[in-house]
Amino acid sequence: MPRPIVASISISALQHNLAVARAHAPGARVWGVLKANGYGHGLERAMRGFAAADGLALIEPDYAVRLRELGWTKPILLLEGFFEADDLPVLAQHDIQFAVHCEEQIAQLEAFTAAASLHAHLKMNSGMNRLGFKPEAYRAAYARLQKIPSVASITLMTHFANADDAGNLLLPLAEQVRRFQAGSEGLDGPRSLCNSAADLMHAELANDNDWVRPGVMLYGGTPGGGSAADFGLRAAMTLESRIIGVQQVPAGEAIGYGSRFVADKPMKIGVVACGYADGYPRHAPNGTPVLVDGVKTGTVGRVSMDMLTVDLTHIPGADVGSQVELWGSRLPIDEVAYAAGTIGYELMCALAPRVAVREVD
Ligand SMILES: *Cc1c(COP(=O)(O)O)cnc(C)c1O
């Protein structure tokens, strides 16, 4: 007897969104990014949804091996590369490609003398200042990699900070592209630049490069919090539950822990079987959108571990047993995330293991 909370994962939505990513950049090959357990959708389900991708990209070396065990034969890429020298024989054995972003990784590759055919993705720090070689150090890193006998190919790679934010003046997308081009000019190798935001909003740039690396859009989320429907994307995850209790609350009484919400009139309050232990954000303020029987309402009071409370005053038909959508096909995850001061990515990734998952087409 499970709790009424269920996450439905739509494989056809994953397939559809992959096709949207490809349609934006028909000239590029597509890495389907499925790090973090397929952004919370399940590694194996994401793998099946992205069967038409040219490769799968992720962060976790053990999940990369798992993809091979699950039968994935096309390329696999580790976006942060390997974390220790001992990973290298395993990556070689399973033909797993990897990013190279620091001197230490190059030194470990130089010391790895086994016969192997490795595919490196040399990462440039074109301004984000997370991983990668500075543009002025890039050429030297490339030359070092080129001399390593086991390195069979080098892809040129960078990552954008603000592809979803045309107004960003600190680090405009065009400046990152300019630095990347200057630092990699004349170097041989496929180019891999674009995440979802660049694929969706800068299709020319995406199409002009050899590979794109969409992630969140494949799950029906948008990078900048814009409307997924406007981009023709479909929600892959729908989180639903039910009303398990109803309270008539007189004016002046408070609801939940900390008594954060006080009824300013007589109110009908519904208790939903969904809490922060299911992955719902505890910091969601009053009024975070929720659908009850298809009608939009909002949360009232603090989200607790296993429950949250919603206003049913204006939904006379709602009662114990009413259907609740927390986010998904009818209530965009980005809308809920925005109200809660976060991003759709965080909500989908945080889906808790205790939530039952149902696969739908
Ligand atoms: C996660 C990731 C992506 C995908 O980013 P989205 O914003 O989800 O499209 C692409 N490239 C790298 C290096 C990443 O780490």
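Just so you know, the working numbering puts the end of the sequence shown at 498, numbered straight through with nothing missing.
We treat Cβ as the ideally placed atom computed from N, Cα and C, and that holds for glycine.
Helix, strand or coil: how does DSSP classify residue i here?
i           : result
residue 231 : coil
residue 328 : strand
residue 433 : strand
residue 389 : coil
residue 463 : strand
residue 398 : strand
residue 221 : coil
residue 167 : strand
residue 285 : coil
residue 320 : helix
residue 310 : helix
residue 426 : strand
residue 153 : helix
residue 162 : coil
residue 140 : coil
residue 439 : coil
residue 344 : helix
residue 276 : helix
residue 413 : helix
Which term fits residue i, buried or exposed, when burial requires 16 or more other beta carbons within 10 angstroms of its beta carbon?
i           : result
residue 491 : exposed
residue 402 : exposed
residue 495 : exposed
residue 373 : buried
residue 396 : exposed
residue 221 : exposed
residue 462 : buried
residue 431 : exposed
residue 457 : exposed
residue 375 : buried
residue 159 : buried
residue 260 : buried
residue 364 : exposed
residue 451 : exposed
residue 184 : buried
At which residues does the alpha helix (DSSP H) containing residue i begin and terminate?
i           : result
residue 184 : 180 to 186
residue 404 : Per DSSP, residue 404 belongs to no alpha helix (DSSP H); it is in the beta strand (DSSP E), 404 to 409.
residue 172 : 172 to 176
residue 199 : 198 to 206
residue 485 : 481 to 486
residue 353 : Careful: residue 353 lies outside any alpha helix (DSSP H) and carries neither H nor E.
residue 452 : First-last for residue 452: undefined, no H or E at that position.
residue 476 : 470 to 476
Could you tell me which residues DSSP puts in a beta bridge with residue i?
i           : result
residue 495 : 145
residue 256 : 290
residue 213 : 193
residue 270 : 261
residue 374 : 146
residue 295 : 261
residue 236 : 258
residue 382 : 408
Would you mind reading off the limits of the beta strand (DSSP E) that contains residue i?
i           : result
residue 193 : 192 to 195
residue 338 : Unbroken run through residue 338 is the alpha helix (DSSP H), 333 to 338; no beta strand (DSSP E).
residue 243 : It is not in any beta strand (DSSP E) - residue 243 instead sits in the alpha helix (DSSP H) that spans 240 to 248.
residue 447 : 445 to 448
With a cut-off of 8 Å on the beta carbons, I'd call residue i and residue j a contact; round off their distance for me.
i           : j           : result
residue 296 : residue 338 : Rounded, the Cβ-Cβ distance is 15 Å, inconsistent with contact.
residue 216 : residue 195 : 7 Å
residue 298 : residue 162 : Actually they do not touch by this definition, with Cβ atoms about 20 Å apart.
residue 147 : residue 498 : 7 Å
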